[in-house]
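S.K.:
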Amino acid sequence: MIRPEADTLLEIVDLQARVEDKPILKGVNLTIKAGEIHAVMGRNGSGKSTLSKVLAGHPSYVVTGGRVLYRGANLLDLEPEQRARLGLFLGFQYPVEIPGVSNLEFLRVSTNARRSEKGEEELDTFAFEDLVRERLQVVQMDPAFLERSVNEGFSGGEKKRNEILQMALLDPLVAILDETDSGLDIDALRIVAGGVNHLASPDNATLLITHYQRLLDVITPDYVHVMAGGRILRTGGKELALELEDRGYDWVDQELAVLEVA
Ligand code: ADP
Ligand code: MG
4 MIRPEADTLL EIVDLQARVE DKPILKGVNL TIKAGEIHAV MGRNGSGKST
54 LSKVLAGHPS YVVTGGRVLY RGANLLDLEP EQRARLGLFL GFQYPVEIPG
104 VSNLEFLRVS TNARRSEKGE EELDTFAFED LVRERLQVVQ MDPAFLERSV
154 NEGFSGGEKK RNEILQMALL DPLVAILDET DSGLDIDALR IVAGGVNHLA
204 SPDNATLLIT HYQRLLDVIT PDYVHVMAGG RILRTGGKEL ALELEDRGYD
254 WVDQELAVLE VA
């Protein structure tokens, strides 16, 4: 087995993937260590959500090259459920509604699957209710949302809070949040960002996918990556996000055009 440095959580090497015969990821390289917050920015269609879905194991996305190590294991060999149990979390750009499935029960089953993987005892309904009520405060969510079906009829902002609640319960090692800021008003954005900041620790890592600087005003990334044409075109510190805000994406398009001609 290939052993990364001890604190490397995720190592993506030359990752290539297609969807319906269309190549989307064309060689993504990205290494994420414990304690780090990364942001991936890029225009719509640059492949950001595809990257997150490939990492989560979405069946429509076919890996055609490269590799991904998660804590030294070959992530791409694992089933999506295993990835989740092992602490990889994906907050979706468009969280799914699951009519007929109680949000509370859904959260309890997924939390218990993760807990048993960590060697912790599973929680019965009563013990889980205590935990969930405590974690609700992270996202300032009304307990009434627990009694409803998963995300059914939730507003955009409520769905995003529910994702962060799920994250607060699952205690992931690597959390990938795809456009968690989209559709949030400024108050909801602060709450969601506050939750993410609260959950970030020296032991875990966060990958924020966003095309706006505004999320990065409230969550300070250690690294910012600019994605274009299915690759990471440039990596910098938090100032790179400000540069994008300032200059827009035209220069990114120009750099990509040069790369694609070559
Ligand atoms: P981003 O998240 O950066 O906006 P995406 O990863 O969603 O970009 O999309 C990248 C490209 O892949 C786009 O051209 C998009 O149309 C295409 N794509 C993504 N998912 C699918 C799919 N399920 N079927 C067909 N094309 C897709
Ligand atoms: Mg997207």
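The working numbering applies: residue 4 is where the sequence shown begins, and numbers increase by one.
Note that the Cβ used here is the ideal one computed from N, Cα and C, for glycine as well.
All figures in this text were calculated on a predicted structure; none of them were measured in a lab.
1) What three-state label does DSSP hand K241 in the structure shown?
2) Taking contact to mean at least 3 C-beta pairs separated by less than 8 Å, is the stretch 28-46 in contact with the stretch 245-257?
3) Grouping DSSP H, G and I as helix and E and B as strand, with all else coil, what is H61?
4) Among F129, L134 and A191, which residue has its Cα nearest to the Cα of G159?
5) What residue range does the alpha helix (DSSP H) around S113 cover?
6) Express the C-alpha separation of I179 and V99 in angstroms, rounding to a whole number.
7) Should Q257 be labelled buried (16 or more other beta-carbon atoms within 10 Å of its own) or exposed?
8) Identify every run of the alpha helix (DSSP H) within the stretch 146-191, keeping only runs that are complete inside it and at least 4 residues long; order them along the chain.
9) For the beta strand (DSSP E) holding E82, just list the boundary residues, first then last.
10) To the nearest angstrom, how far is it from the Cα of L58 to the Cα of L78?
M.R.: Put simply:
1) coil
2) yes
3) coil
4) A191
5) N106 to E120
6) 16 Å
7) exposed
8) The DSSP assignment places 159-173 as complete runs of the alpha helix (DSSP H) inside the stretch 146-191, in order along the chain (cut-off: 4 residues).
9) From DSSP, E82 is part of no beta strand (DSSP E); its letter is neither H nor E.
10) 8 Å
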